[in-house]
């Protein structure tokens, strides 16, 4: 997936049939991040907005729709250079519609 989407790392299945999907370790959910830091620079906010649009665009190019796009499923963290980056998570709540949306509808 594009770097703005959480990377799937594996699946753990318990003997009870319960499943746990494992994703890369990246940052923390947006509400927690903002509660602890309270402010981000305009440059960081612009970069994160671009990351979010890139993630949604990548999904839409594959005809996928995220069904739970909310702050809790948007993760923020610092990359190797210290820049704030955004990744979209909880892709278990995504679907590929059986019928395309009418023109002009998202």
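Numbering (UniProt numbering), first residue to last: 1 to 106.
By construction, the Cβ of each residue, glycine as well, lies at the ideal position given by its N, Cα and C atoms.
Counted as a single uninterrupted DSSP element, the beta strand (DSSP E) harbouring residue 78 occupies residues 74-78. Setting aside the 5 residues that flank it on each side, residue 40 is surrounded in the same chain by 84, each with a C-beta closer than 7 Å to its C-beta; the list follows chain order. In the displayed model, residue 83 falls within coil according to three-state DSSP, outside both helix and strand. The three-state reading of DSSP puts residue 34 in helix, counting H, G and I together.
When secondary structure is reduced to three states using DSSP, residue 64 falls in the coil class, being assigned neither helix nor strand. A direct Cα-to-Cα measurement between residue 54 and residue 36 gives close to 26 Å. Assignment of residue 52 by DSSP, reduced to helix, strand and coil, places it in the helix class. Remark: C-beta atoms of residue 34 and residue 88 do not approach each other more closely than 8 Å. Contact between residue 43 and residue 77 does not hold, since their C-beta atoms are separated by about 16 Å, which reaches or exceeds 8 Å.
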